[in-house]
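Here this note's numbering is used: position 158 in the sequence shown is 182, and no number is missing along the way. Where a beta carbon is used, it is the ideal one built from N, C-alpha and C, also for glycine. Only a predicted model underlies this, so the values are computations on that prediction, with no experimental measurement involved.
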Amino acid sequence: MLGGALLVAVFALSACDGNIKDGFGLMKKTSEQTIADSIKTRQETVQKLSCADQYQDVLKYNNTDLGSCAVAARTGEFKEAEPTKPQKQNNMVLIFDSSGSMAQMVGGKKKIDIAKEAVWNFINKMNGSNINLSIIVYGHKGSNSPSQKALSCAGIDEVYYMNSIHAEVAKGKVNAFQPTGWTPIADSFKKASEILSKYQGEAYNNSILLISDGIETCDGDPIKVAKELKNSGMNVTANVIGFDVGGDAEKQLQEIAKNGAGEYFPAKSAADFELAMQKHEAFMAKFDYKMQRFTEQTDDAILIGNTYFECLTRLKQQEALMMLDIYADKIVSDKCSAEVEKMYYTYYDDLKKTLDGKYEQGKKTWQANSK
25 MLGGALLVAV FALSACDGNI KDGFGLMKKT SEQTIADSIK TRQETVQKLS CADQYQDVLK
85 YNNTDLGSCA VAARTGEFKE AEPTKPQKQN NMVLIFDSSG SMAQMVGGKK KIDIAKEAVW
145 NFINKMNGSN INLSIIVYGH KGSNSPSQKA LSCAGIDEVY YMNSIHAEVA KGKVNAFQPT
205 GWTPIADSFK KASEILSKYQ GEAYNNSILL ISDGIETCDG DPIKVAKELK NSGMNVTANV
265 IGFDVGGDAE KQLQEIAKNG AGEYFPAKSA ADFELAMQKH EAFMAKFDYK MQRFTEQTDD
325 AILIGNTYFE CLTRLKQQEA LMMLDIYADK IVSDKCSAEV EKMYYTYYDD LKKTLDGKYE
385 QGKKTWQANS K
C-alpha cells in the first residue's frame, strides 16, 4: 500500500511539474506577445508623423531624466552653495613652558625639544589660516635656584606678537629659548588676558593653549586666574597640555583647563604630545574660515564630479535606447531613420560638449579657490 501511494505521488508531482513548466512557457509567450504588440502600436502611431515629429516622439519616450543635467549644463551650477563667509576674528595665545624641568629627558630627547617640534608642526599646519597667534614664554630667564626665583618668575615675554601666522618667523621665536627657570603659570595667564583684552565681544573667538610639565612655582593661583578669565566676557577657551606630569601638578593643570572652559590633553611621550597638538588643531579648525572653506570646496569638487558622471551615464543610456528604437524595433520609419539619428546626435553632441565644458570650468574654479 505504501509503495502504491508513493507511486501515485510521483506521478502527481510529475504532472504538476509539467503544468508549471507549461505555465511559465505560457507566461513567457504572453509577455513576448505583449511587448511585440506594444512595439507594433508604437510603430503605427509614430510612423504616421513627420520625421521631425518622429524624432521628438522617440526622444520624449526615451527620456532618462536629463532635465537637471541640461539645467546644470546651461548654468554651470554643479555645486550647491557658496562657502560660508567669515564672521569672527580668531585669536590664539600659546603659553610655552621653558622652565628648568623641561630640560629633562623623555624617550632619549629633551622635553623642550619634543615640545618645540610638535609646536613647529602645529604652526606649519596653521600657516595661512585666518587664526592670529601670540606666543608667550616663561621660565627662560634666570635659573631655577632660589636666588634667581624673583628674576625668573618675572620673566614672562610675548616673543611673537598677536598677528597672522608667518611660520618661519614664529618657529624662529620658539627655537630661540632654552629651559632654565621657574613656572609662573598664573601670571602668564594674566599676560594672555592683557593681550586678549583688545578682542572682546561676539566678534572674536579667543583661545589659550598652555603647554607645561609642572605645577605653579611662583606663588600664583592659576586656577583662580583661569576662572576669572572665563568670566571676563572675552569669550576665551583655555586648553592645556600636561607633559610628563602626575600627582598634584597634573591635578592643577586639569583644573586650569576645567575652569578655563577648555580641555586637558595628557602627554607622556613625543607621540602623545603630537596627538595632543592635533587635538588642539582640531579645536582651532572649528574657527578657521579658510579650513572650513577648503572642506566646503572639497565637497563642491565631489559634487561637480558626481553630477557630471551621473549625467554622462544617463546620456549614454538614452543613446542606447534611441538606437534601439530607430534600428532594432523600427519605431521610426525607414524613410526617417537616418534623419532622426542625425537630429539625435546633434542634440547629443551639443549637450555632451556643454557638460564637458562646464565640468572643466567647475574644476578650474575649484582649483583657483583652493589655492
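Residues sharing a beta bridge with residue i, DSSP
i	result
T261	S231
I355	Note: I355 sits in no beta bridge, so no partner.
I63	BP columns for I63 are empty, so no partner.
K254	Answer by DSSP bridge pairing: none, since K254 is not bridged.
P290	G266
V82	For V82, which the question treats as bridged, DSSP gives no partner whatsoever.
L182	In the sequence as presented, Leu is not what sits at residue 182; that position holds Glu. DSSP, once it has assigned bridges, lists I160 as partnering E182.
S236	G266
Q113	Y228
K72	According to DSSP, which records beta bridges pairwise, K72 is partnered with nothing at all.
I119	I160, L234
N187	L157
M129	K134
G205	S123
Residue i and residue j closer than 9 Å at C-beta
i	j	result
S293	G131	yes
V260	L234	no
Q276	I247	yes
L253	S217	yes
Q80	S357	no
P208	G163	yes
V198	W144	yes
A309	G284	no
C242	K149	no
E279	F307	no
N151	A191	yes
D268	K134	no
L336	K376	yes
I138	K195	no
C224	G257	The identity of residue 224 in the sequence shown is Gln, whereas the question assumes Cys. Contact: yes.
Q341	Y372	no
Q67	K388	no
Same chain only: Cβ atoms within 6 Å of residue i, ignoring 5 sequence neighbours per side
i	result
A142	F297, E298, M301
L157	M116, I189
S125	D237, G238
Q113	Y228
D245	A210
Y332	Y383
H304	L233, N263
Y368	M346
E334	none
Cut-off 8 Å between Cβ atoms - residues of its own chain near residue i, not counting five sequence neighbours on either side
i	result
A272	One point to set straight first is that residue 272 is Asp, not Ala, in the sequence displayed. Correct list, in chain order: I239.
S167	G124, S176, T204, G205
G100	Residue placement at G100 is flagged as unreliable, the pLDDT there being 46, under the threshold of 50; the coordinate-derived value follows with that caveat. Here the set comprises K382, Q385, G386.
F48	Its pLDDT being 47, under 50, F48 is placed unreliably by the model, and the measurement read from it follows with that caveat. Within the same chain, F48 has no close Cβ partners at all.
V364	C75, Q78, Y79, V82, I350, V356
E106	The predicted position of E106 is uncertain, since its pLDDT is 44 and thus under 50; a value taken from the coordinates is nonetheless stated next. There are no such residues.
E226	K112, N259
Own chain, CB closer than 7 Å to residue i, minus 5 neighbours either side, in chain order
i	result
M129	none
I219	V117, S158, E182, M186
V161	F120, S122, D181, V183, F201
Y351	S361
K214	V249
A281	A262, N263, V264, E287, Y288
N230	N115, L220, Y223, M258, N259, V260
Exposed unless 16 or more other CB atoms sit within 10 angstroms - verdict on residue i
i	result
S74	exposed
I59	exposed
D23	In this structure the chain extends from 25 to 395, so residue 23 is not present and cannot be described.
F102	At F102, the pLDDT of 43 sits below 50, so the modelled position is not reliable and the matter cannot be decided from this model.
Q57	exposed
M347	exposed
A97	Its pLDDT being 47, under 50, A97 is placed unreliably by the model, and the measurement read from it follows with that caveat. Counting Cβ neighbours within 10 Å, A97 comes out buried, since at least 16 surround it.
K140	buried
D349	buried
K359	exposed
A325	buried
K64	exposed
A76	exposed
N86	buried
A291	buried
K45	Any answer about K45 is weak, because its pLDDT of 47 lies below 50 and its placement is not dependable; what the coordinates show is given next. Exposed: under 16 other Cβ atoms inside 10 Å.
K84	exposed
K20	Look at the range of the chain in this structure, 25 to 395, and you will see that residue 20 is not part of it.
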